[in-house]
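Comments concern the structure below.
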Amino acid sequence: MQKITKPKIAKVATNLHESHKHISYVMESLKYWLIEHPSIVSFRWSPTQSWGATWWFLISAISFYIAAAVTLHLLLKIFRLSRPIPLGPIPAIHNLSMSLISVTIFIGMLFSAEAEARDTRWLWKRNRTTSFEWLLCFPLGIRPSGRVFFWSYAFYLSRFLHLLRTFFVVLRHRRLSFFRLFNSSVLLLMSFLWLEFSQSLQVLAILFSTFIYSLVYGYRFCNEIGLCTKSFSSLLVNWQMVLFGCNLVCHVGVLSLHYLRGGCNGIGAWVFNSVLNVAFLLQFFKSYVKTYWQKKHHPFSTSKRDHNSVKHAKHGTR
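Each residue of the sequence shown is one higher than the last, beginning at 1 in full-length UniProt numbering.
Structure (structure tokens):
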């Protein structure tokens, strides 16, 4: 057995110290670019300062999206192009990009929420509230500015990239459902309302959503390049069921704090948000029950349905 000498111990300790310094440097750099950069700290949601921050732009974007998707679908039907149009690596690149963007927004929002909790701890002590209550219920009069709303704005912009998936589905599979158009349009509208009305609960909603998006788009990327297994699809659905439960508890918490603490900011937008969440929840359970029934009665014909069930793994975390 080799004897461990003091110089070797000192060398190991030095290496550990250097590694710790490098990790600390990376973390500090990461926090600067995610929460301390002047563009993030000084962010303010405003029609004159933020791209896409007007109702006219939002309505025009949604209208153009629906018209373009329907037109493309009809043209393929008219010219009877039944074969899938090859898109090459574009869908894989899109899925990878959306997964990485979701991870970035998740980390940025998490760090920003922690920074806001640290900077305003004195105010919560005076008002006898907690940081978790702030995550559920923004105080009345809060303005859409600062770190948290910067990442909410980044999430809003990412919804425009999400719209591209509709065109991939139309070109590849010749499918265009009302639910897909409705879902994508409403997600864009909801993320706009979070900013426009400084809606309560949006921090947790974005954390839940980006967590699921990072997994779903990561799965789709792996599936595009042939690496993922079918079992991972079922795992994503189970994760979504857990997040549905957490989301329901959070909505109950918002409603309770609204009446117990004298009101939560953006409660009107929250009610609209909640109604849409119920619609998404019903659609998800319909798909989940249908898939489960098919597995039970037709176990050899559900592999495709297992894969398709992942597309509903994003609807209930707003």
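Virtual Cβ for every residue (Gly too), placed ideally from N, Cα, C.
None of these values were measured; they are calculated from a predicted model.
- Residue burial is scored here from C-beta neighbours: I23 has fewer than 16 other C-beta atoms within 10 angstroms and is therefore classed as exposed.
- When secondary structure is reduced to three states using DSSP, R44 falls in the strand class.
- In the structure shown, the three-state DSSP call for S145 is strand.
- Taken in chain order, the unbroken stretches of alpha helix (DSSP H) that lie wholly in the segment 28 to 74 and span 4 residues or more are 38 to 41.
- Straight-line spacing of the CA atoms in G268 and W56 works out to 20 Å.
- Annotation: the continuous alpha helix (DSSP H) that includes Q202 extends over Q202 to E224.
- In this structure, the straight-line span from the alpha carbon of N95 to that of L260 is close to 43 Å.
- Straight-line measurement puts the Cα of W33 at about 22 Å from the Cα of F208.
- The beta carbons of S198 and R147 sit no closer together than 8 Å.
- The segment 105 to 117 makes no contact with the segment 74 to 83: fewer than 3 CB pairs, one atom from each, lie closer than 8 Å.
- Setting aside the 5 residues that flank it on each side, L171 is surrounded in the same chain by I85, each with a C-beta closer than 6 Å to its C-beta; the list follows chain order.
- In this chain, the alpha helix (DSSP H) harbouring P91 covers I90 to D119.
- Looking only at M241, E133 and L276, the smallest Cα-Cα distance to G263 is reached by E133.
- Contact between W239 and L215 holds, since their C-beta atoms are separated by about 7 Å, short of 8 Å.
- In this structure F43 is in contact with Y153, their Cβ atoms being roughly 7 Å apart against a cut-off of 8 Å.
- For F197, the secondary structure class from DSSP, reduced to helix, strand or coil, is coil.
- The criterion of a C-beta distance shorter than 8 Å is satisfied by Y219 and C228.
- In this structure, the beta-carbon distance from L282 to L204 does not fall below 8 Å.
- The criterion of a C-beta distance shorter than 8 Å is satisfied by N265 and S200.
- In this chain, the alpha helix (DSSP H) harbouring S131 covers S131 to L136.
- It is roughly 22 Å from the alpha-carbon of Q202 to the alpha-carbon of A61.
- With a beta-carbon spacing of about 5 Å, F155 and I105 fall inside the 8 Å limit used to define contacts.
- At the C-beta level, F168 and P91 come within 8 Å of one another.
- In the assembly as shown, V26 is an exposed residue. Its beta-carbon has fewer than 16 other beta-carbons within 10 Å.
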